[in-house]
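One structure is given below, encoded as structure tokens.
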Amino acid sequence: MKSYDVVVVGGGIIGLATAYYLVKNGVRKIAIIEKEYIGSGSTGRCGTGIRQQFTTKEHIVLMRESVKIWRLWEEILPKPIHFRQGGYLWLLRSEEEDNEYRKYVALQNLFGVDSRIISKDEIKEIVPDINLEGIFGASWCPSDGSAYPQDVLDSLEMFLKSHGVDIFDYESVVDFKKTSDRVISIKTDKDEYALDNLLIAAGYATKSLANKLGFDIPVKNYRHQIVVSEPLKIFLSPMVVDRSLYFTQTYRGRIIGGTDTNEEETDDLTLTYNFLQKFSSELVSVFSKLSSVRLMRHWSGFYVVSPDKHPILGPTPLKNVFIGTGYSGHGFMLGPIVGKLLAHYITYGMFFLEEANHLTLDRFEKGMLIQEKAVIG
Amino acid sequence: MDKKNVIICRCEDVTYEEIVRAFNEGYKDIESLRRYLKIGTGPCQGKTCIPLLQRILYELSGNFPQNITIRPPETPVPFGIFVNVPKK
Ligand SMILES: Cc1cc2nc3c(=O)[nH]c(=O)nc-3n(C[C@H](O)[C@H](O)[C@H](O)COP(=O)(O)OP(=O)(O)OC[C@H]3O[C@@H](n4cnc5c(N)ncnc54)[C@H](O)[C@@H]3O)c2cc1C
Numbered sequence: 001m002k003s004y005d006v007v008v009v010g011g012g013i014i015g016l017a018t019a020y021y022l023v024k025n026g027v028r029k030i031a032i033i034e035k036e037y038i039g040s041g042s043t044g045r046c047g048t049g050i051r052q053q054f055t056t057k058e059h060i061v062l063m064r065e066s067v068k069i070w071r072l073w074e075e076i077l078p079k080p081i082h083f084r085q086g087g088y089l090w091l092l093r094s095e096e097e098d099n100e101y102r103k104y105v106a107l108q109n110l111f112g113v114d115s116r117i118i119s120k121d122e123i124k125e126i127v128p129d130i131n132l133e134g135i136f137g138a139s140w141c142p143s144d145g146s147a148y149p150q151d152v153l154d155s156l157e158m159f160l161k162s163h164g165v166d167i168f169d170y171e172s173v174v175d176f177k178k179t180s181d182r183v184i185s186i187k188t189d190k191d192e193y194a195l196d197n198l199l200i201a202a203g204y205a206t207k208s209l210a211n212k213l214g215f216d217i218p219v220k221n222y223r224h225q226i227v228v229s230e231p232l233k234i235f236l237s238p239m240v241v242d243r244s245l246y247f248t249q250t251y252r253g254r255i256i257g258g259t260d261t262n263e264e265e266t267d268d269l270t271l272t273y274n275f276l277q278k279f280s281s282e283l284v285s286v287f288s289k290l291s292s293v294r295l296m297r298h299w300s301g302f303y304v305v306s307p308d309k310h311p312i313l314g315p316t317p318l319k320n321v322f323i324g325t326g327y328s329g330h331g332f333m334l335g336p337i338v339g340k341l342l343a344h345y346i347t348y349g350m351f352f353l354e355e356a357n358h359l360t361l362d363r364f365e366k367g368m369l370i371q372e373k374a375v376i377g
Numbered sequence: 001m002d003k004k005n006v007i008i009c010r011c012e013d014v015t016y017e018e019i020v021r022a023f024n025e026g027y028k029d030i031e032s033l034r035r036y037l038k039i040g041t042g043p044c045q046g047k048t049c050i051p052l053l054q055r056i057l058y059e060l061s062g063n064f065p066q067n068i069t070i071r072p073p074e075t076p077v078p079f080g081i082f083v084n085v086p087k088k
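The following block contains the structure:
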């Protein structure tokens, strides 16, 4: 039987980013097991957005640190990941909203994020074609941005393979062998691997794998839909957020965006016409020029949502099992910092950021929840 | 004909030679070729090139690939068409 220091379940941004930092920490024998192809989960389906405009210290600090890594990765990974700091323009539609977001901006500034509240005139300068009717102002952070998920994964995969990490794709974890407090080996539909440490970063399936191991994670899966348009000449670099609508343009010229259709918890990724109507109506009302642009592709994926909309990271009731899940719709942007934190925890038994200590699974037992208000799409 | 000049994906400008090279680098299934070369991701969404790609993969590997994801819409549709006009 092959044996590994760390086995990672899940080939999404979290699995790959953690493996990246495990390599950096000097861990030698690492395997990633992915049920389909790398990026087949939420990561390859996501909206590309990376922002620091959050409403809690935990999210703001984690995202500030994550943006630093995104910038570094753009320079040092083997292939371009198309990280772009085009900013996030968060439209505000009333004085109350404006007042509320001023408080968030003050908190963001306190922790070193360069966001500010801007006027309609400034919005016009940043995105000239926005319909300003009914808009009061905006929360603007120029160092927010986006990266291209598949290019990020491709680049990480190339790095990992060249550093001796085994990546098994089209292979599904089906069972575990364990003692009372440790996992000894992991069984897939093709093989069995002995392991010292196990990270479950299996997105929508993390909870069911944990249940198989005898503990629960309080997350729920929600379907979220998203579209891209045909390619256009580049004209839009920020991510625009208008209530639950978000959209930007990728480096490949496509408008990418989504909105929230307030659905129930589900395991079903069926697409709905209702989404297309809601998205297109919201998009065209704030950016009428896009009315004649053609929608090219429509798909969906899961937000894995935790009770307080914050990630659940690190230790579990089993001594050598670690988890990363519950990103509630922003796990792509958190990927680099969460990967670094999880790798640190697996290697050294602790986090290096105080804020991450508030994000462990036992917070639900202890009743120490943190509430995030800024959730979109 | 020089294989270098045979364009398989017209939307994204992917040539026969690039596919063979990617295959030899380890991108052996449609999904990973699509991610790597962007083949089949343009306005026609692979209607022309994916069947050609299936055949090329069959020539290269002896297996006929079946795992193709098809996503709506059938053909690009303007956003304006879906806009909800409130009933009078
Ligand atoms: C429509 C949409 C838009 C989004 N937009 C954004 C955005 O703009 N910005 C942002 O930061 N986040 C966004 N998100 C959220 C983001 O996609 C996720 O939070 C993030 O990708 C989670 O990464 P992950 O690695 O945890 O999970 P995933 O990417 O889902 O990876 C988990 C992997 O585990 C594999 N797996 C499952 N079960 C098994 C098994 N038994 N054995 C082996 N492998 C298994 C799956 O196949 C999958 O590839 C969006 C999500 C959606 C759906």
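Protein sequence lines, in the order shown, are assigned to chains D and W.
Residue 1 is where the first sequence starts when you use the numbering used here, and the numbers rise one by one after that.
Residue 1 is where the second sequence starts when you use the numbering used here, and the numbers rise one by one after that.
Yeah, the Cβ is synthetic: ideal placement off N, Cα and C, and Gly gets one too.
Spell out whether any CB of chain W is found under 7 Å from the CB atom of residue i.
{"i": "Ser172(D)", "result": "no"}
{"i": "Met239(D)", "result": "no"}
{"i": "Leu290(D)", "result": "yes"}
{"i": "Tyr37(D)", "result": "yes"}
If residue i sits next to residue j, beta carbons under 8 Å apart, how far is it from one beta carbon to the other, in whole angstroms?
{"i": "Leu199(D)", "j": "Gly324(D)", "result": "7 Å"}
{"i": "Ile33(D)", "j": "Ala201(D)", "result": "That belief does not hold up - the Cβ atoms of Ile33(D) and Ala201(D) are roughly 10 Å apart, past 8 Å."}
{"i": "Leu318(D)", "j": "Asp181(D)", "result": "6 Å"}
{"i": "Pro78(W)", "j": "Arg294(D)", "result": "5 Å"}
{"i": "Gln53(D)", "j": "Ser143(D)", "result": "No, Gln53(D) and Ser143(D) are not in contact; Cβ-Cβ is about 10 Å, not under 8 Å."}
{"i": "Arg223(D)", "j": "Glu192(D)", "result": "Actually they are not in contact, since the Cβ atoms of Arg223(D) and Glu192(D) sit about 33 Å apart, beyond 8 Å."}
{"i": "Thr248(D)", "j": "Thr48(D)", "result": "7 Å"}
Which first and last residues belong to the beta strand (DSSP E) in which residue i is found?
{"i": "Ser139(D)", "result": "137-141"}
{"i": "Ala31(D)", "result": "30-33"}
{"i": "Asn221(D)", "result": "220-231"}
{"i": "Glu74(W)", "result": "Unbroken run through Glu74(W): none, as it is neither H nor E."}
{"i": "Arg254(D)", "result": "254-258"}
{"i": "His298(D)", "result": "294-305"}
{"i": "Gly324(D)", "result": "321-325"}
{"i": "Gln249(D)", "result": "245-249"}
{"i": "Glu18(W)", "result": "First-last for Glu18(W): 16-25, but that is the alpha helix (DSSP H), not the beta strand (DSSP E)."}
{"i": "Thr206(D)", "result": "Careful: Thr206(D) lies outside any beta strand (DSSP E), inside the alpha helix (DSSP H) at 206-212."}
{"i": "Asn197(D)", "result": "192-200"}
{"i": "Arg116(D)", "result": "116-118"}
{"i": "Pro51(W)", "result": "Careful: Pro51(W) lies outside any beta strand (DSSP E), inside the alpha helix (DSSP H) at 49-61."}
How about residue i: is its C-beta nearer than 7 Å to some C-beta of chain D?
{"i": "Asn24(W)", "result": "no"}
{"i": "Pro101(W)", "result": "As displayed, chain W neither begins before 1 nor continues past 88, which places residue 101(W) out of reach and without an answer."}
{"i": "Arg55(W)", "result": "no"}
{"i": "Gly40(W)", "result": "no"}
{"i": "Gly80(W)", "result": "yes"}
{"i": "Val6(W)", "result": "no"}
{"i": "Pro90(W)", "result": "As shown, chain W starts at 1 and ends at 88. That puts residue 90(W) outside it, with no answer to give."}
By the DSSP assignment, the alpha helix (DSSP H) with residue i in it spans what residues?
{"i": "Asp17(D)", "result": "The displayed chain sequence assigns Ala, not Asp, to residue 17(D). Ala17(D) -> alpha helix (DSSP H) spans 13-24."}
{"i": "Tyr101(D)", "result": "95-110"}
{"i": "His59(D)", "result": "57-76"}
{"i": "Met239(D)", "result": "Not the alpha helix (DSSP H): Met239(D) falls in the beta strand (DSSP E), residues 239-242."}
{"i": "Pro128(D)", "result": "Element bounds for Pro128(D): n/a, residue is neither H nor E."}
{"i": "Gly331(D)", "result": "331-348"}
{"i": "Val152(D)", "result": "149-162"}
{"i": "Phe279(D)", "result": "273-286"}
{"i": "Phe168(D)", "result": "First-last for Phe168(D): 166-168, but that is the beta strand (DSSP E), not the alpha helix (DSSP H)."}
Contact residues within the segment 209-234 of chain D, judged by C-beta distance below 8 Å to chain W:
Ser229, Glu230, Pro231
Please identify, using Cβ separations under 8 Å, the residues of the segment 292-316 of chain D that lie next to chain W, in order along the chain.
Ser292, Val293, Arg294, Leu295, Met296, Arg297, His298, Trp299
May I ask you to list, following chain order, the residues of the segment 11-37 of chain W that have a beta carbon less than 8 Å from some beta carbon of chain D?
Asp29, Glu31, Ser32, Arg35, Tyr36
Please list, in chain order, the residues of the segment 257-287 of chain D that have any C-beta partner in chain W closer than 7 Å.
Leu271, Leu276, Gln277, Ser280, Ser281, Leu283, Val284
Using a Cβ-Cβ cut-off of less than 9 Å, give me the residues of the segment 133-153 of chain D that come near chain W, in sequence order.
Gln150, Asp151, Leu153
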